[in-house]
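Asker: Chains as they are written, first to last, in this note's numbering: chain A, 114 to 463; chain B, 7 to 152; chain C, -11 to 155.
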Amino acid sequence: MTPEMLSLSNSPGLFVGLMLLKLIVVFSVVMLMVAYATWCERKIIGHMQTRLGPMRTGWHGLLQPIADGIKLFFKEDIIPSQASVVPFLLAPMMILVPAIITVAVIPFGPDVTVSGLIVPLQITDLNVGVLYILAFAGLGVYGIVLAGWSSNSKYSLLGGVRASAQMISYELAAGLTIVSVFMLSETLSLREIVALQSEPLWGTFSFLPNWYVFTQPLAFFLFVITGLAEINRTPFDMPEAESELVSGFCTEYSSMKYALFFLAEYANMIVVSAIAATLFLGGWYGPLPSSLGVINLLGKIVAFMFFFIWLRATLPRVRYDQLMRMGWKVLLPLALANVVVTGFVVVLLQ
Amino acid sequence: MSSTTGSLPTTAPILFEDYLALGIYVGIALFLVAILLLLSWGLGHRTRSRIKNEPYESGVYPTDNARLKGPVPFYLVAIFFILFDIEVIFVASWAVAYDRLGWAGFGQVSFFTLVLLVGLLHLWKTGALDWGPSAARQNRKNQDIP
Amino acid sequence: MEILFFYLVAFVTLVSGLLVIRCQSPVNSALALVNTFFCLAVFYVMLHAPFMAAIQIMVYAGAIMVLILFVIMLLNLGTESRQRYTRGVVWSSIASLLMLIVATVTIKTGQVTGAEGEITAHTVKSVGHTELIGRTMFTEFLLPFEIASILLLVAIVGAVVLAKKEV
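#1: Is the beta carbon of leucine 335 of chain A less than 8 angstroms from the beta carbon of phenylalanine 421 of chain A?
#2: State the start and end residues of the unbroken alpha helix (DSSP H) segment that holds serine 303 of chain A.
#3: Check the DSSP bridge columns for methionine 118 of chain A and list the partner residues they point to.
#4: Measuring CB to CB, does isoleucine 338 of chain A end up less than 8 angstroms from asparagine 381 of chain A?
#5: Leaving out five residues before and five after serine 367 of chain A in sequence, what residues of the same chain have Cβ atoms less than 7 angstroms from its Cβ?
#6: Under 8 angstroms: do the region 89 to 102 of chain B and the region 292 to 310 of chain A share three or more Cβ pairs, one atom per stretch?
#7: Measure from the C-beta of threonine 339 of chain A to each C-beta in chain B and report whether the shortest distance is under 8 angstroms.
#8: Sort C:Leu(-8), C:Ile121, C:Tyr32 and C:Leu28 by Cα distance to arginine 106 of chain B and report the nearest one.
#9: So the candidates are C:Ser80, C:Arg123 and C:Val149; which of them puts its Cα closest to the Cα of glycine 108 of chain B?
#10: At which residues does the alpha helix (DSSP H) containing tyrosine 149 of chain A begin and terminate?
#11: Excluding five sequence neighbours on each side, which residues of the same chain lie with their C-beta closer than 8 angstroms to the C-beta of leucine 119 of chain A?
#12: To which residues of the same chain is arginine 304 of chain A closer than 7 angstroms at the C-beta, ignoring the five residues directly before and after it?
#13: Is valine 431 of chain A helix, strand or coil by DSSP?
#14: Roughly how many angstroms lie between the CA atoms of glycine 166 of chain A and alanine 180 of chain A, to the nearest whole one?
#15: For chain B, is any of its Cβ atoms less than 8 angstroms away from the one on leucine 445 of chain A?
#16: Taking Cβ to Cβ, would you say serine 197 of chain A is nearer than 8 angstroms to valine 15 of chain C?
#17: Using the C-alpha atoms, what's the distance from valine 83 of chain B back to valine 452 of chain A?
#18: Residue range of the alpha helix (DSSP H) that lysine 131 of chain B falls in?
#19: What does valine 121 of chain B touch in chain C if you count any residue whose Cβ is under 7 angstroms from its own?
#20: Quick check: leucine 38 of chain B and alanine 217 of chain A, are their CB atoms within less than 8 angstroms of each other?
#21: Please confirm whether proline 193 of chain A has its beta-carbon closer than 8 angstroms to some beta-carbon of chain B.
#22: Output, in chain order, the set of chain C residues within a Cβ distance shorter than 9 angstroms of glycine 182 of chain B.
#23: For the alpha helix (DSSP H) containing tryptophan 262 of chain A, name the first residue and the last one.
#24: Measuring only between beta-carbons, confirm whether methionine 125 of chain C sits less than 8 angstroms from chain B.
#25: So with CB distances below 7 angstroms, who are the chain B contacts of alanine 217 of chain A?
#26: Given valine 147 of chain A, which residues of its chain have a CB within under 8 angstroms of its CB, disregarding the five upstream and five downstream residues?
#27: Anything in chain C within Cβ reach of isoleucine 92 of chain B, meaning under 7 angstroms, just list it in chain order.
#28: Would you say glycine 50 of chain C reaches chain A, if we count a Cβ-Cβ gap shorter than 8 angstroms as a contact?
#29: Show which residues of chain A have a CB atom less than 8 angstroms away from the CB atom of alanine 42 of chain C.
#30: Is leucine 57 of chain C close to chain F, meaning its C-beta is less than 8 angstroms from at least one C-beta of that chain?
#31: For the putative contact between glutamate 134 of chain C and phenylalanine 118 of chain B, defined by C-beta atoms under 8 angstroms, what is the C-beta separation to the nearest angstrom?
#32: Whose Cβ in chain A lies nearer than 9 angstroms to the Cβ of threonine 118 of chain C?
#33: In angstroms with no decimal places, state the Cα-to-Cα distance between valine 142 of chain A and leucine 57 of chain C.
#34: So what's threonine 226 of chain A in DSSP terms, helix, strand or just coil?
#35: So the candidates are B:Gly33, B:Ala110 and B:Trp137; which of them puts its Cα closest to the Cα of phenylalanine 457 of chain A?
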């Protein structure tokens, strides 16, 4: 007899306990990664520019994120006199919370068995997990657009409007690349998508896993580009564009509210990395045995983060018209073509 | 997706429990973010002055209202986004059932995509997707015609 | 448990619906509307229709509301004078009361409730709600689906024409 899934009906106490444990662990790990991503970014870019980066707070500046956090807590919380208060206060929450929530569907390890019952290592396995990601990815735009508008400052408004137009333009191509993945997997559940990627490539080549990056290289490429644009990272950091817009949509923010925008940027980087790893790179399957699946996944996420930081140290910012041209005239047609060709092939092979 | 999920353990939706976990997670996230904001509101020191609370405008007094009437291209992008987003959703709903629809379904969705591709090409030609210098050039060209 | 949750969500939906019409600032109204859409998505989830829920969030909360926000913000509607719509309120409450009566009567006396269609809850559970939508749309509702593409095309062309006029 195969063991049952742990559920509220067969072992309520254990279910609730493990659920809370998973929630707290995932939340803490994400927040810790966010905090240390800022340190890593400063260190890596520092060394790439032959500087040292933060050195004074702790060994090689390791305590810098904590010091920064404490400092930001004690900073003055300014609400500009002409701001619309409600949206002004809601905006930082609306940008960080969707990013954190998206992590909930990412599977971070194989099923484990606790007292004879199967427990999936995932906060929740929605059977429409992929669509859930798509839906929540689109919500980050509110935070930016509201922050820009409610500050009632010209720089903020320009930054906010630019950013939102950029995000919605790139979301289309991102959605289509994800569609081409679940056409191959024939399921919308991320746990099953990961499970399918553990098999040998196309069922024949045993030396390579069936990662969708091999089957869908174009979709992977497009997803990474659109992901960068969605989270407003260099070379697409138009909304912030320090040299022209001061600080873009968060110009008027101070204290912890500013910090939330900052945290949201890194949380979004983690989310995009985690989704890319899950959809295209086999999720928690990897070189290490699946009992150490979490480390496989974390390794992939860290690799992506390093890549994003590296890009920031390397590339200049693109111009706005170039950005929009790329989104609508290159990425969208390519993503559409990719879906249609994928459709043709899968129907042909059926 | 076939009705039997094959070798995988059954993932028949244990709906309530899945969404319970999600709900609590959302609750924790909202709660902690709110706590962060409240803490900094309480801890940070506060001084008020008229000039400090003005919107930042590179050190000069802000002139006029910041809420300018927006340029039309931004509305257009939002409208196009809605239209193509609907396309993405239709394509997605085909993609989850393509195995039962076969070539007929593929032909239908290709037709659908093709029609919207024509729309995209139209936008391309009329210059609605152009920004900056190329948009200015296009505008000048359009003004010369009438 | 589920019914309690339903009442909670219904309450939030109604409150945010009220806020949509009661808020002074149009942006706050728009935010309340986003919240209403969210609650509707929760209802879809409770009806075992997660695909509809995702679409509800993607299209309504993610796309249409963004456009509405753009329009509100960039047209600077916040400073419009606010009139009192007393007469309008009276008429619309009479109309909505009548609607409520009609709806109640239809549900109570008609055969809407309890009737079993071709696709039962069991079918949905075994085949999957998302695949059923895809299958039905490409077989039974094929023509409307293809017409939708033409409609979208017309909308694209129309948007460009209107924008050109304004410049």
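Just so it is clear, CB atoms sit at the ideal spot from N, CA and C, and this is done for glycine as well. Keep in mind it's a predicted model, so treat the numbers as computed, not measured.
Answerer: Based on what the coordinates show:
#1: For this step, residue 335 of chain A is matched to residue 222 along the first sequence. For this step, residue 421 of chain A is matched to residue 308 along the first sequence. Their beta carbons are not under 8 angstroms apart, which means leucine 335 of chain A does not touch phenylalanine 421 of chain A by this criterion.
#2: Against the first sequence, residue 303 of chain A aligns to sequence position 190. Residue 303 of chain A is actually leucine in this sequence, not serine. From DSSP, the alpha helix (DSSP H) with leucine 303 of chain A extends over 303 to 309.
#3: Looking up residue 118 of chain A in the first sequence gives position 5. Its beta-bridge partners are A:Ile231.
#4: Along the first sequence, read from residue 1 onward, the residue named residue 338 of chain A stands at position 225. Along the first sequence, read from residue 1 onward, the residue named residue 381 of chain A stands at position 268. No, the pair does not count as a contact, with Cβ atoms beyond the cut-off.
#5: Numbered from 1 along the first sequence, position 254 holds the residue referred to as residue 367 of chain A. Same-chain partners within the cutoff: Lys188, Glu189, Asp190 and Ile191.
#6: Cβ pair count under 8 angstroms is three or more, so yes.
#7: If you number the first sequence from 1, residue 339 of chain A lands on position 226. No, no contact with chain B.
#8: Within the second sequence, numbered from 1, the residue matching residue 106 of chain B stands at position 100. For arginine 106 of chain B, the closest of C:Leu(-8), C:Ile121, C:Tyr32 and C:Leu28 by C-alpha to C-alpha distance is C:Ile121.
#9: The residue labelled residue 108 of chain B in the question sits at position 102 within the second sequence. Residue nearest to glycine 108 of chain B within the set C:Ser80, C:Arg123 and C:Val149 is C:Arg123 (criterion: CA-CA distance).
#10: In the first sequence, the residue the question calls residue 149 of chain A occupies position 36. 125 to 161 is the extent of the alpha helix (DSSP H) around tyrosine 149 of chain A.
#11: Residue numbering aside, residue 119 of chain A sits at position 6 when the first sequence is read from its first letter. Result list for leucine 119 of chain A: Leu127, Phe128, Leu131, Val227, Leu230, Ile231 and Val232, in chain order.
#12: Here the question's residue 304 of chain A lines up with position 191 in the first sequence. Spatial neighbours of arginine 304 of chain A in its own chain (CB-CB distance under 7 angstroms, excluding positions within 5 residues in sequence) are listed in chain order as Pro220, Pro233, Gln235 and Asp238.
#13: The residue you call residue 431 of chain A lines up with position 318 of the first sequence. Coil.
#14: Translated into positions along the first sequence, residue 166 of chain A becomes position 53. Translated into positions along the first sequence, residue 180 of chain A becomes position 67. One C-alpha to the other measures close to 15 angstroms.
#15: Translated into the one-based positions of the first sequence, residue 445 of chain A becomes position 332. Flagged as an interface residue toward chain B: leucine 445 of chain A, by a C-beta distance shorter than 8 angstroms.
#16: In the first sequence, residue 197 of chain A corresponds to position 84, counting from 1. In the third sequence, residue 15 of chain C corresponds to position 27, counting from 1. In contact: serine 197 of chain A and valine 15 of chain C (Cβ atoms closer than 8 angstroms).
#17: Translated into positions along the first sequence, residue 452 of chain A becomes position 339. Translated into positions along the second sequence, residue 83 of chain B becomes position 77. Valine 452 of chain A and valine 83 of chain B: Cα-Cα distance of roughly 23 angstroms.
#18: For the purposes of this step, residue 131 of chain B is taken as residue 125 along the second sequence, with counting starting at 1. Lysine 131 of chain B: member of the alpha helix (DSSP H) spanning 104 to 132, first to last residue.
#19: Walking along the second sequence from the start, residue 121 of chain B turns up at place 115. Ordered by position in chain C, the residues that pass the 7 angstroms Cβ test against valine 121 of chain B are Ser137, Ile138 and Leu141.
#20: Counted from its first residue, the second sequence places residue 38 of chain B at position 32. Counted from its first residue, the first sequence places residue 217 of chain A at position 104. The answer is no: Cβ separation not under 8 angstroms.
#21: Looking up residue 193 of chain A in the first sequence gives position 80. Judged by the 8 angstroms Cβ criterion, proline 193 of chain A is in contact with chain B.
#22: Because chain B is modelled from 7 through 152, residue 182 of chain B falls outside the range shown and cannot be assessed.
#23: To locate residue 262 of chain A, count along the first sequence from 1; it is residue 149. 253 to 263 is the extent of the alpha helix (DSSP H) around tryptophan 262 of chain A.
#24: Here residue 125 of chain C corresponds to residue number 137 of the third sequence, with the count starting at 1. Chain B, which has a Cβ nearer than 8 angstroms to the Cβ of methionine 125 of chain C, makes this yes.
#25: One-based indexing of the first sequence puts residue 217 of chain A at position 104. Under the 7 angstroms cutoff, chain B gives Leu28 and Tyr31.
#26: As a working mapping, residue 147 of chain A is identified with position 34 in the first sequence. Excluding sequence neighbours, valine 147 of chain A sits near Leu376, Tyr379, Ala380 and Ile383.
#27: Reading the second sequence from its first residue, position 86 is the one you call residue 92 of chain B. Per Cβ cutoff of 7 angstroms: Val47 and Leu140.
#28: The residue you call residue 50 of chain C lines up with position 62 of the third sequence. Contact with chain A is found for glycine 50 of chain C, since one of that chain's Cβ atoms lies less than 8 angstroms from the residue's Cβ.
#29: The residue you call residue 42 of chain C lines up with position 54 of the third sequence. Under the 8 angstroms cutoff, chain A gives Val241, Leu244, Tyr245, Leu247 and Ala248.
#30: This model lacks chain F altogether, as its protein chains are A, B and C.
#31: Your numbering for residue 134 of chain C matches position 146 in the third sequence. Your numbering for residue 118 of chain B matches position 112 in the second sequence. About 6 angstroms separates the two Cβ atoms, so the contact holds.
#32: Numbered from its first residue, the third sequence carries residue 118 of chain C at position 130. Under the 9 angstroms cutoff, chain A gives Asn240, Val241, Leu244 and Leu301.
#33: For this step, residue 142 of chain A is matched to residue 29 along the first sequence. For this step, residue 57 of chain C is matched to residue 69 along the third sequence. Taking the straight line joining both Cα atoms gives about 35 angstroms.
#34: Here the question's residue 226 of chain A lines up with position 113 in the first sequence. Residue state, collapsed to three classes: strand.
#35: Reading the first sequence from its first residue, position 344 is the one you call residue 457 of chain A. The candidate whose alpha carbon is nearest that of phenylalanine 457 of chain A is B:Ala110.
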